[in-house]
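Participant: Here you go, one structure.
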Amino acid sequence: MATWTIANLERNTADGGVIVAHWRVTAEETVGEETYTASAYGTCSFTPDASAPDFVPYDQLTENDVIVWVWGQVDKIQTEAALTAKIEEQKAPATVSGLPWN
């Protein structure tokens, strides 16, 4: 299961409109006693319009509001699938390193 969070927001001081959201998504899977994790980080830019009927002032935003905005720009399914692939690679790596005599 993937967990999406907003790490930081950048906003206009004049109207409180969010101009950049910094997001992170983390996936985790436990198999036996081993836990595998993968994550991604990115940013999304916005052009806020304080006169728009759907404008939400900064002090009234929830993390979920902003995550929905991010999903409007980032393919949620594809991003989570990439994290799942990273975890599968950790569980069954295609290559490994080491020395046969140790």
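For the sequence shown, the numbering used here assigns the number 102 to the initial residue and increments by one for each residue that follows.
Even for Gly, the Cβ is constructed at its ideal location relative to N, Cα and C.
(1) Secondary structure at asparagine 204, three-state DSSP: helix, strand or coil?
(2) When DSSP builds the beta bridges, which residues end up paired with tyrosine 159?
(3) Run the CB neighbour count on valine 169, radius 10 Å, all protein chains shown included, and call it buried at 16 or more, exposed below.
(4) Rounding to the nearest angstrom, what Cα-Cα distance links tryptophan 202 and glutamate 134 in this structure?
(5) Apart from the five residues just before and just after arginine 112, which ones in its own chain have a Cβ nearer than 7 Å to its Cβ?
Facilitator: According to the structure data:
(1) A question about residue 204 goes unanswered here, because the residues of the chain that appear run from 102 up to 203.
(2) In DSSP, tyrosine 159 forms no bridge with anything.
(3) Valine 169 comes out exposed.
(4) Cα to Cα, the separation comes out at about 27 Å.
(5) The beta carbon of arginine 112 lies closer than 7 Å to those of Gly118, Val119, Ile120 and Tyr159 in the same chain, with the five residues before and after it left out.
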